[in-house]
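2 protein chains.
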Amino acid sequence: MSCQCGHDGWTGEKTVSKPKNGTVAAPVLRHHTVTSADVAREAGVARSTVSRCLSGDSRISEATRDRVVATAERLGYQINKIARSMNTRKSDLIGLVTSGLSDPFRVEFLDHLIAAIQQAGFRPLVIDVSDPALMETSMLNLLQYQIAGIVVTSGSPPPAIGQHFLRRDVPVVLVNRAGLLEGADVINCDNIAGGQLAAEILLASGKRRLGFLNMRGGTYSGNARGEAFVAAIAPELASGAVSFTPLSCNSADYDGGFQAGLKFLGKENAPDAIFCGKDHIALGLMDAARFELGLKVPDDLAIVGFDDIVAAGQRAYRLTTIAQSPARLAALTIGRLKQRIAGEVIRDERLILPVELVRRETV
Amino acid sequence: MSCQCGHDGWTGEKTVSKPKNGTVAAPVLRHHTVTSADVAREAGVARSTVSRCLSGDSRISEATRDRVVATAERLGYQINKIARSMNTRKSDLIGLVTSGLSDPFRVEFLDHLIAAIQQAGFRPLVIDVSDPALMETSMLNLLQYQIAGIVVTSGSPPPAIGQHFLRRDVPVVLVNRAGLLEGADVINCDNIAGGQLAAEILLASGKRRLGFLNMRGGTYSGNARGEAFVAAIAPELASGAVSFTPLSCNSADYDGGFQAGLKFLGKENAPDAIFCGKDHIALGLMDAARFELGLKVPDDLAIVGFDDIVAAGQRAYRLTTIAQSPARLAALTIGRLKQRIAGEVIRDERLILPVELVRRETV
DNA sequence: CGCACAAGCGCACACGTGTGCATTGGAATC
DNA sequence: GATTCCAATGCACACGTGTGCGCTTGTGCG
Numbered sequence: 000m001s002c003q004c005g006h007d008g009w010t011g012e013k014t015v016s017k018p019k020n021g022t023v024a025a026p027v028l029r030h031h032t033v034t035s036a037d038v039a040r041e042a043g044v045a046r047s048t049v050s051r052c053l054s055g056d057s058r059i060s061e062a063t064r065d066r067v068v069a070t071a072e073r074l075g076y077q078i079n080k081i082a083r084s085m086n087t088r089k090s091d092l093i094g095l096v097t098s099g100l101s102d103p104f105r106v107e108f109l110d111h112l113i114a115a116i117q118q119a120g121f122r123p124l125v126i127d128v129s130d131p132a133l134m135e136t137s138m139l140n141l142l143q144y145q146i147a148g149i150v151v152t153s154g155s156p157p158p159a160i161g162q163h164f165l166r167r168d169v170p171v172v173l174v175n176r177a178g179l180l181e182g183a184d185v186i187n188c189d190n191i192a193g194g195q196l197a198a199e200i201l202l203a204s205g206k207r208r209l210g211f212l213n214m215r216g217g218t219y220s221g222n223a224r225g226e227a228f229v230a231a232i233a234p235e236l237a238s239g240a241v242s243f244t245p246l247s248c249n250s251a252d253y254d255g256g257f258q259a260g261l262k263f264l265g266k267e268n269a270p271d272a273i274f275c276g277k278d279h280i281a282l283g284l285m286d287a288a289r290f291e292l293g294l295k296v297p298d299d300l301a302i303v304g305f306d307d308i309v310a311a312g313q314r315a316y317r318l319t320t321i322a323q324s325p326a327r328l329a330a331l332t333i334g335r336l337k338q339r340i341a342g343e344v345i346r347d348e349r350l351i352l353p354v355e356l357v358r359r360e361t362v
Numbered sequence: 000m001s002c003q004c005g006h007d008g009w010t011g012e013k014t015v016s017k018p019k020n021g022t023v024a025a026p027v028l029r030h031h032t033v034t035s036a037d038v039a040r041e042a043g044v045a046r047s048t049v050s051r052c053l054s055g056d057s058r059i060s061e062a063t064r065d066r067v068v069a070t071a072e073r074l075g076y077q078i079n080k081i082a083r084s085m086n087t088r089k090s091d092l093i094g095l096v097t098s099g100l101s102d103p104f105r106v107e108f109l110d111h112l113i114a115a116i117q118q119a120g121f122r123p124l125v126i127d128v129s130d131p132a133l134m135e136t137s138m139l140n141l142l143q144y145q146i147a148g149i150v151v152t153s154g155s156p157p158p159a160i161g162q163h164f165l166r167r168d169v170p171v172v173l174v175n176r177a178g179l180l181e182g183a184d185v186i187n188c189d190n191i192a193g194g195q196l197a198a199e200i201l202l203a204s205g206k207r208r209l210g211f212l213n214m215r216g217g218t219y220s221g222n223a224r225g226e227a228f229v230a231a232i233a234p235e236l237a238s239g240a241v242s243f244t245p246l247s248c249n250s251a252d253y254d255g256g257f258q259a260g261l262k263f264l265g266k267e268n269a270p271d272a273i274f275c276g277k278d279h280i281a282l283g284l285m286d287a288a289r290f291e292l293g294l295k296v297p298d299d300l301a302i303v304g305f306d307d308i309v310a311a312g313q314r315a316y317r318l319t320t321i322a323q324s325p326a327r328l329a330a331l332t333i334g335r336l337k338q339r340i341a342g343e344v345i346r347d348e349r350l351i352l353p354v355e356l357v358r359r360e361t362v
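So the sequences go chain by chain: A and B.
Just so we're aligned: the first sequence equals residues 0 to 362 in numbering that gives the first Met the number 0.
Just so we're aligned: the second sequence equals residues 0 to 362 in numbering that gives the first Met the number 0.
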């Protein structure tokens, strides 16, 4: 429609193309993408030979291969991966299910993941599921692209959805999610150990009024961390050596932590040691405490975060936190996908990555 | 190879499928994706009718459409967009050229852009060009996916590359880049006005030793901001009322700014008012000044940033800065792409988005 | 010189969809 | 009741690539 001259003119030219002798016909430039047929004609071979040359088939002589490759280069040939996928019924796209880029740790993880995906010869196709109601639809829609695999970094996919991916041999990896999805690999950092480490360092600091701050309603990871924390302080709690208060904020970000600080701190018997479900919350809490309420950190209030995002190490915060490694998370994710895409049959696994206490200046 | 039972079994079943009478044959589940042919057979119509139903062709009766849609739903049919693209020679993918996710402003912009792309019915296909040498190859590789458009948010594409996209009617938008690409739309924030605003507020603050800090070698945006800054202070500079020092750091991020602070500040005659090419640098500079050198901000050192990233507004920084709107940038980008993809012929344009001074506490 | 064998190459089909055009069925008009 | 017309639907081709199978060409040996 937008191209009056394109295809018709060209096929016409093709079927009528008698003038094989004489000067080589000037390449028809008009709107037409160079296909393997063009390369074949130009190099004087069959189209199938072009395909085999470019895919490194061993049955092709080196001379022919060189000639074809050179011709392809000269014509600016770009293989049509859509057509290839049509044939092979698989693309080299990997679906990335996320929800926005406002969570700093997730961004760091995606940064590594995108690099790793590309490094492995695939391409990331991002879908945003900020609206949880659209999760199922969005994930299924990814199947429309014949994706090679899918990584879920946000949201809780409906468990039954896994079958659709299993049936099509599309591997699924859930990262830092609950492992409810049938047939999916699940990779988590060690939330349990993280909660314990946080408990240990806060108990050792001598604080007595402990708290755990996380988003209202919680998330899988956050809840796991909080439960481990509570379990770890259970003896001291039972003996009355310390008290514990669960705290919640309205959003899992800086502002959520900041508002929670204004709300819960500065009162009589307010907690003097708070473990936050994630660093971003901790930073907001810390700023509210220091700048709005005049509390000294860590003297009046000790804070432990989780994730070790870049900002946590900045001089303005120096947050003590539990570090998980986005690089290792990404490497493991893509490694797992590659195995399954290559056809290896491995059983679903629940992988746990170690975490590490990073001592800075907030405890 | 990984599917012994799949295709062969199914086509066999198809060619032999006599049993049209009697009970409806149980759907063959094995490894086989549901195609429009399956829906057609199940609904008792032709495949072309299925296609027309799902694409909203008006020539289809409502009764037929409802039946087909219901059947498709029941079978879990997902259209194969690869096959559709094969036919239409266009996909609904939009290439996003970026380099990592470590630049906070770019992340904010991408966040809005990805949402806008999805909202407009497209899908973002991300490529990372952290290695500038691979820029041309990577951009051309995007053509293999028959993308509908491309947005460049990082790097400097070789000018000649534009022709490849033009020839295939693939619109290109450059965001906050030099406008060197033939046939591309270019969208920039108003770097000139930004530089001027920074100059005005710093001059008005009474500081006398001005500086501009940016990454060594500079970037298109950074240089434009710096030049506008210098031009705006030219009169005072000429009259000797103020001095000016260009400063550079090794990386365009927090650490670059931090290291630059250690290097340039705290000395005799060090600048007492610095305009930074971007907020992220400014935050590092600010922390070095406050926490390492004991300078008071803004008393000993005034700082103006650029971008107004989220962190700049946090209580620990309260950075005075020049704000550009990632949301408007994204909206404009996708709007421009949509027009061109829809076939509208509009002339290349160089769009400038307004910036705004955000007064906080560092001047 | 004739034959066997192997390597290199081309033919033709398949992948799943959109769409121009022919065909069918029914309704309306004379 | 016959004819015309329109709406609804089916047929068949095209999109660009991968690949099994058969054909051609060249080489070595008897």
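Using N, Cα and C, we set each Cβ at its ideal position, and we do this for glycine too.
### Query
Given that a residue counts as buried once 16 or more other Cβ atoms are within 10 Å of its Cβ, and exposed if not, what is B:GLN162?
Translated into the one-based positions of the second sequence, residue 162 of chain B becomes position 163. Per the 10 Å Cβ criterion, exposed.
### Query
What is the residue span of the beta strand (DSSP E) that A:VAL151 lies within?
Taking the first sequence and counting its residues from 1, one reaches residue 151 of chain A at position 152. Counting along the chain, the beta strand (DSSP E) containing A:VAL151 begins and ends at 148-151.
### For A:GLY208, the three-state DSSP class (helix, strand or coil)
Within the first sequence, residue 208 of chain A is the residue found at index 209, counting from 1. This sequence places Arg at residue 208 of chain A; Gly is not what is there. Strand, per DSSP.
### Query
With DSSP run on the structure shown, which of helix, strand or coil describes A:ASN190?
The sequence position of residue 190 of chain A within the first sequence is 191, counting from 1. Helix, per DSSP.
### Message
Nearest by alpha-carbon distance to B:ILE333: which of B:ALA233, B:GLN118 and B:ALA69 is it?
### Response
For the purposes of this step, residue 333 of chain B is taken as residue 334 along the second sequence, with counting starting at 1. Here the closest residue by C-alpha is B:GLN118.
### Query
Do you know how far the Cα of B:LEU133 is from the Cα of B:ILE340?
Translated into positions along the second sequence, residue 340 of chain B becomes position 341. Translated into positions along the second sequence, residue 133 of chain B becomes position 134. For B:ILE340 and B:LEU133, the distance between alpha carbons rounds to 26 angstroms.
### Message
For a quick check, are the C-beta atoms of B:ILE126 and A:ARG122 less than 8 angstroms apart?
### Response
Taking the second sequence and counting its residues from 1, one reaches residue 126 of chain B at position 127. Taking the first sequence and counting its residues from 1, one reaches residue 122 of chain A at position 123. Yes, these two residues count as a Cβ contact at 8 angstroms.
### Task
Kindly indicate if chain B contains any beta-carbon less than 8 angstroms away from that of A:ASN79.
Translated into positions along the first sequence, residue 79 of chain A becomes position 80. Yes, its Cβ sits closer than 8 angstroms to a Cβ of chain B.
### Task
State the start and end residues of the unbroken alpha helix (DSSP H) segment that holds B:VAL106.
Residue numbering aside, residue 106 of chain B sits at position 107 when the second sequence is read from its first letter. Element bounds for B:VAL106: 103-118.
### Message
By the three-class DSSP mapping on this structure, what secondary structure does B:PHE121 have?
### Response
Taking the first residue of the second sequence as position 1, residue 121 of chain B is located at position 122. Under the three-state reduction of DSSP, B:PHE121 is assigned to coil, being neither helix nor strand.
### Task
Sort out for me which residues DSSP pairs A:ILE321 with in a bridge.
Walking along the first sequence from the start, residue 321 of chain A turns up at place 322. DSSP lists A:PHE305 and A:LEU356 as the beta-bridge partner residues of A:ILE321.
### Task
Give the single residue among A:ASN249, A:ALA231, A:LYS89 and A:ALA329 whose Cα lies nearest to the Cα of A:SER242.
The residue labelled residue 242 of chain A in the question sits at position 243 within the first sequence. Measuring from the Cα of A:SER242, the nearest candidate turns out to be A:ALA231.
### beta-carbon A:ALA115 near the ligand NAP non-hydrogen atom, thresh 7 angstroms
Here there are no bound small molecules, and the ligand NAP is not part of this structure.
### Message
Quick check: the Cα distance between A:SER250 and A:SER153, rounded to an integer number of angstroms?
### Response
Your numbering for residue 250 of chain A matches position 251 in the first sequence. Your numbering for residue 153 of chain A matches position 154 in the first sequence. Cα to Cα, A:SER250 sits roughly 15 angstroms from A:SER153.
### Task
List the whole-angstrom C-beta distance separating B:VAL309 from B:GLU107, where the pair is believed to meet the contact cut-off of C-beta under 8 angstroms.
For the purposes of this step, residue 309 of chain B is taken as the residue at position 310 of the second sequence. For the purposes of this step, residue 107 of chain B is taken as the residue at position 108 of the second sequence. About 7 angstroms separates the two Cβ atoms, so the contact holds.
### Message
Based on DSSP bridge pairs, tell me the residues matched to B:ILE126.
### Response
If you number the second sequence from 1, residue 126 of chain B lands on position 127. Answer by DSSP bridge pairing, in chain order: B:VAL96.
### Contact residues within the segment 195-209 of chain B, judged by C-beta distance below 9 angstroms to chain A
Those residues of the segment 195-209 of chain B that come within reach of chain A (Cβ to Cβ, closer than 9 angstroms) do not exist; the list is empty.
### Query
If you compare alpha carbons, which of A:GLY148, A:GLY120 and A:GLN143 is closest to B:ASN140?
Position 141 of the second sequence holds residue 140 of chain B. The shortest Cα separation from B:ASN140 among A:GLY148, A:GLY120 and A:GLN143 belongs to A:GLY120.
### Bounding residues of the alpha helix (DSSP H) (the contiguous stretch that carries A:LEU53)
Taking the first sequence and counting its residues from 1, the one referred to as residue 53 of chain A is at position 54. Per DSSP, A:LEU53 belongs to the alpha helix (DSSP H) from 46-53.
### Query
Would DSSP call B:ILE160 helix, strand or coil?
Indexing the second sequence from 1 puts residue 160 of chain B at position 161. In this structure, B:ILE160 counts as helix in the three-state DSSP scheme.
### Task
Please look up how many angstroms separate the CB atoms of A:GLY256 and A:LEU282, rounded, as I've assumed it's under 8 angstroms.
Position 257 of the first sequence holds residue 256 of chain A. Position 283 of the first sequence holds residue 282 of chain A. The Cβ separation is near 6 angstroms, so the contact holds.
### Query
Is the CB-CB distance between A:LEU352 and A:GLN323 below 8 angstroms?
For the purposes of this step, residue 352 of chain A is taken as residue 353 along the first sequence, with counting starting at 1. For the purposes of this step, residue 323 of chain A is taken as residue 324 along the first sequence, with counting starting at 1. Their beta carbons are under 8 angstroms apart, which means A:LEU352 touches A:GLN323 by this criterion.
#### Entry: Contacts that A:ALA326 makes with chain B (C-beta to C-beta distance below 7 angstroms)
Numbered from 1 along the first sequence, position 327 holds the residue referred to as residue 326 of chain A. The contacting residues do not exist; A:ALA326 stays about 13 angstroms from chain B at best.
### Task
Spell out whether any CB of chain A is found under 8 angstroms from the CB atom of B:LEU109.
Along the second sequence, read from residue 1 onward, the residue named residue 109 of chain B stands at position 110. B:LEU109 counts as touching chain A.
### Task
Pull out every residue of the segment 105-136 of chain B whose Cβ sits closer than 8 angstroms to any Cβ of chain A, in chain order.
Of all residues in the segment 105-136 of chain B, only VAL106, GLU107, LEU109, ASP110, ILE113, ALA114, GLN117, ARG122, PRO123, LEU124, VAL125, ILE126, ASP127 and SER129 place a beta-carbon less than 8 angstroms from a beta-carbon of chain A.
### Task
Go ahead and pull the three-state DSSP assignment for A:ALA251.
Position 252 of the first sequence, counted from the first residue, corresponds to residue 251 of chain A. Of the three classes helix, strand and coil, the one that applies to A:ALA251 here is coil, per DSSP.
### Contacts that B:MET85 makes with chain A (C-beta to C-beta distance below 9 angstroms)
Locating residue 85 of chain B in the second sequence gives position 86, where the first residue counts as 1. Residues of chain A passing the Cβ test: ASN79, ILE81, ALA82, SER84 and MET85.
### Query
Which of the three DSSP states, helix, strand or coil, is assigned to A:ARG346?
Position 347 of the first sequence, counted from the first residue, corresponds to residue 346 of chain A. When DSSP states are grouped into helix, strand and coil, A:ARG346 belongs to the coil group.
### Query
Does the count of Cβ pairs from the segment 171-191 of chain A and the segment 215-232 of chain A closer than 8 angstroms reach three?
Short answer: they touch.
#### Entry: C-alpha gap between B:ALA301 and B:ARG289, whole angstroms
If you number the second sequence from 1, residue 301 of chain B lands on position 302. If you number the second sequence from 1, residue 289 of chain B lands on position 290. In a straight line, the C-alpha of B:ALA301 is about 11 angstroms away from that of B:ARG289.
#### Entry: Own chain, CB closer than 7 angstroms to A:ALA183, minus 5 neighbours either side, in chain order
Along the first sequence, read from residue 1 onward, the residue named residue 183 of chain A stands at position 184. Exclusion of the five residues before and after A:ALA183 leaves GLY161, VAL171, VAL172, LEU173 and ASP347 as the residues of its chain whose Cβ lies within less than 7 angstroms of its Cβ.
#### Entry: Beta-bridge partners of A:ASN213, as assigned by DSSP
By one-based count along the first sequence, residue 213 of chain A stands at place 214. Paired residues: A:SER247.
### Message
Does A:ILE59 come out as helix, strand or coil in the three-state DSSP assignment?
### Response
Here residue 59 of chain A is taken as the residue at index 60 of the first sequence, counted from 1. Coil.
### Task
List the residues of chain B whose Cβ lies closer than 9 angstroms to the Cβ of A:THR32, in chain order.
The residue given as residue 32 of chain A occupies position 33 in the first sequence. Neighbours of A:THR32 on chain B, chain order: ARG88, LEU142, GLN145, ARG166 and ARG167.
#### Entry: Spatial neighbours of B:ARG317 in its chain, beta-carbon cut-off 6 angstroms, leaving aside the 5 residues before and after
Working through the second sequence from its first residue, we reach residue 317 of chain B at position 318. So the qualifying residues of the chain are ARG359 and GLU360.
### Task
List the endpoints of the continuous beta strand (DSSP E) containing A:PHE274.
Sequence index remark: in the first sequence, residue 274 of chain A carries index 275 (1-based). Its beta strand (DSSP E) spans residues 272-275.
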